[in-house]
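Residue 1060 is where the sequence shown ends in my numbering, and the numbering goes up by one at each step.
Ideal placement from N, C-alpha and C gives every residue a C-beta, glycine not left out.
Step one of this worksheet: look at the structure below.
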Amino acid sequence: MNITSRIVVLALIPLALLAQDRPKYQDPAGIPEERARDLVSRMTLEEKAGQMLNSAPAIPRLGVPAYDWWNEALHGVARAGLATVFPQAIGLAATWDTDLEQRIADVISTEARAKYNDAIKHDNHGRYYGLTFWSPNINIFRDPRWGRGQETYGEDPYLTSRMAIAFIKGMQGNDPHYFKTIATSKHFAVHSGPETSRHQFDAKATDEDLNGTYLYAFRATVLEAGVDSLMCAYNRVNGAPACASTFLLKDKLRDGWHFNGYVVSDCDAIDDIYTGHHYTNSLAEASAKAVQAGTDLDCGKSYLTLTDAVHRGYITEQEISRSVERLFVARIRLGMFDAAERVPFSKIGMDQVESPAHQKLALEAARKSIVLLKNDEAMLPLRTAKRIAVLGPAADDPDALLANYNGIASHIVTPLEGIEQKFGKRGKVRFASGATY
């Protein structure tokens, strides 16, 4: 061996030692499941329980940053300032256009990454700036009195499944190593109103109705879209609270459909197991039953009782570790523990938010979502009208256009404003709200 060879070998020795000293969970080339298992094995019971809350604290000694799992993107990145706002989900369903829906979701996930990247630059780990989105809502809109029906794709399980698959593919992307974002199919299951009694309601459904109506789209999003997250509902299903239902979360979801992602509760649904449904004798017992059934993440703070649940013998630490590992597999696959240059979405900038191309797509979606129900005597399109009456409170209400779970558009044109711009010079436009909401 010559002198040059010795120098090269000696230079490489520190790098080899460094690789050996580095924990497995910090190895970007490692298998996500093995990395997560290694990381969780280094946590205390109290630290594990803390990571199972939607607002998960940092663990500085392990290099785990704080993370809030709660984010919304039903028809655009919501609650985080300006964003491209697309038609509400019920309107997108009216397009019957799955290609359009996937393009919309791709735009949403791009703007989501832009906001996340910007937030990380400013050390902002708060709510509505993460990469885990609690959308789409794929409940079946069976009763028109259900106010949240607007969030769904309607009453048809098949159409719902097709639109949901397209949305999830656009949100999660197709990179072989990293999720662009993570979508969440909600609310699992049989959650279609009534809203006022959802914290105590027991939805009793036959096997035929379960499989053919209420579970159909959920199954499709798992098997055909590879959705990485589901949200369990407030209500009971045939006697068992959805978030503590081994039938739903184990027999159907994991054993039947081979789902290997994570399950998050609706907000305070774990508390409902005890206080709303009276299914257990304590909150600690409710938390234990939820984790054992398969609910990995608590939107709320009920899982702080898990340490007490272990001490009381309701659950084992090993069962808790299983859920925490699922959560960290998701964070690893989002690139949160790898260098930015390895993650293909880390360079997406804020210039993508409300870009001209995104606004153009929103306009296309809005036009395609409109359904003409009646046009007597070929009244439309208007050509020579001298007087136009615009009636109804929604005609000049920006909030009605934005719907719920929405972002904020920098420029909003109400129907009244649009009609005035189009016909104001040619005729007289009169407006009357006529009613209130």
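When DSSP labels each residue in this structure, what does residue i get in the three-state scheme?
{"i": "P864", "result": "strand"}
{"i": "S820", "result": "coil"}
{"i": "L633", "result": "For L633, the predicted structure reports a pLDDT of 48, less than 50, and the residue's modelled location is therefore unreliable. A value from the coordinates is still provided. Reduced to three states, the DSSP call for L633 is helix."}
{"i": "R1010", "result": "strand"}
{"i": "M834", "result": "Contrary to the premise, residue 834 reads as Asn rather than Met in this sequence. Note: N834 maps to helix in three-state DSSP."}
{"i": "N858", "result": "coil"}
{"i": "I788", "result": "helix"}
{"i": "K1051", "result": "strand"}
{"i": "D919", "result": "coil"}
{"i": "T755", "result": "strand"}
{"i": "K671", "result": "helix"}
{"i": "I805", "result": "strand"}
{"i": "I743", "result": "helix"}
{"i": "A826", "result": "strand"}
{"i": "F951", "result": "helix"}
{"i": "A848", "result": "coil"}
{"i": "D729", "result": "helix"}
{"i": "Y1063", "result": "Residue 1063 falls outside the range modelled here, since the chain spans only 624 to 1060, and no answer is possible."}
{"i": "F811", "result": "strand"}
{"i": "Y885", "result": "strand"}
Measuring only the C-alpha atoms, how far is residue i from residue j?
{"i": "R645", "j": "G653", "result": "12 Å"}
{"i": "D779", "j": "S808", "result": "16 Å"}
{"i": "C866", "j": "Q975", "result": "37 Å"}
{"i": "R945", "j": "T844", "result": "23 Å"}
{"i": "H900", "j": "L872", "result": "18 Å"}
{"i": "G862", "j": "S978", "result": "49 Å"}
{"i": "L846", "j": "G879", "result": "10 Å"}
{"i": "S868", "j": "A1012", "result": "53 Å"}
{"i": "T721", "j": "G1057", "result": "37 Å"}
{"i": "Y839", "j": "Y751", "result": "29 Å"}
{"i": "L640", "j": "H745", "result": "Caution is warranted here: a pLDDT of 45 is assigned to L640, below 50, making its placement in the model unreliable, and the coordinate value is therefore given only provisionally. One C-alpha to the other measures close to 34 Å."}
{"i": "M1002", "j": "K1048", "result": "20 Å"}
{"i": "G714", "j": "L986", "result": "13 Å"}
{"i": "K924", "j": "Y857", "result": "15 Å"}
{"i": "A988", "j": "V966", "result": "30 Å"}
{"i": "T836", "j": "A1026", "result": "26 Å"}
{"i": "I893", "j": "A909", "result": "7 Å"}
{"i": "K671", "j": "P688", "result": "14 Å"}
{"i": "P683", "j": "M666", "result": "11 Å"}
Can you find the residues in the same chain that come closer than 6 Å, C-beta to C-beta, to residue i, ignoring five residues on each side of it along the sequence?
{"i": "Y648", "result": "R658, D661 and L662"}
{"i": "D741", "result": "M973"}
{"i": "S678", "result": "D691"}
{"i": "F968", "result": "R736 and K803"}
{"i": "A911", "result": "A932, Y937 and I938"}
Within 10 Å of its beta-carbon, does residue i have 16 or more other beta-carbons around it, so buried, or fewer, so exposed?
{"i": "D874", "result": "exposed"}
{"i": "V1009", "result": "The sequence shown places Lys at residue 1009, not Val. Classification for K1009: exposed."}
{"i": "G770", "result": "exposed"}
{"i": "G699", "result": "buried"}
{"i": "N1029", "result": "buried"}
{"i": "S820", "result": "exposed"}
{"i": "R736", "result": "buried"}
{"i": "M794", "result": "buried"}
{"i": "L950", "result": "buried"}
{"i": "G958", "result": "buried"}
{"i": "K983", "result": "exposed"}
{"i": "Y1060", "result": "exposed"}
{"i": "N904", "result": "exposed"}
{"i": "K686", "result": "In the sequence under discussion, the amino acid at residue 686 is Gly, which differs from the Lys named in the question. By the neighbour-count rule (16 or more Cβ atoms within 10 Å), G686 is not buried but exposed."}
{"i": "V631", "result": "Unreliable positioning characterises V631 in this predicted model, as indicated by a pLDDT of 48, which lies under 50. A coordinate reading is not provided."}
{"i": "L569", "result": "Because residue 569 is not part of the residues shown, which for the chain are 624 to 1060, the question remains open."}
Please tell me whether residue i and residue j are closer than 7 Å, where the distance is taken between their beta carbons.
{"i": "V813", "j": "A1032", "result": "no"}
{"i": "K991", "j": "T718", "result": "yes"}
{"i": "L1005", "j": "A1055", "result": "no"}
{"i": "D919", "j": "Y885", "result": "yes"}
{"i": "A716", "j": "L697", "result": "no"}
{"i": "L668", "j": "D921", "result": "no"}
{"i": "L1039", "j": "A1017", "result": "no"}
{"i": "Q915", "j": "E942", "result": "yes"}
{"i": "P1021", "j": "I1035", "result": "yes"}
{"i": "H822", "j": "D895", "result": "yes"}
{"i": "S815", "j": "N762", "result": "yes"}
{"i": "E724", "j": "A806", "result": "no"}
{"i": "V782", "j": "F811", "result": "In the sequence on display, residue 782 carries Leu and not Val. Their beta carbons are not under 7 Å apart, which means L782 does not touch F811 by this criterion."}
{"i": "R956", "j": "P655", "result": "yes"}
{"i": "R859", "j": "D825", "result": "yes"}
{"i": "F764", "j": "G749", "result": "no"}
{"i": "I791", "j": "A703", "result": "no"}
{"i": "P651", "j": "D961", "result": "yes"}
Return the chain-ordered list of same chain residues with a C-beta closer than 8 Å to the C-beta of residue i, the five sequence neighbours on each side being excluded.
{"i": "D931", "result": "A907"}
{"i": "G753", "result": "Y690, D691, W692, W693, N694 and Y739"}
Tell me which residues share the same chain as residue i and place their Cβ nearer than 7 Å to its Cβ, disregarding the 5 neighbours each side in the sequence.
{"i": "D729", "result": "G793"}
{"i": "Q674", "result": "V947 and L950"}
{"i": "D889", "result": "H810, M854, C855, A856, Y857 and C922"}
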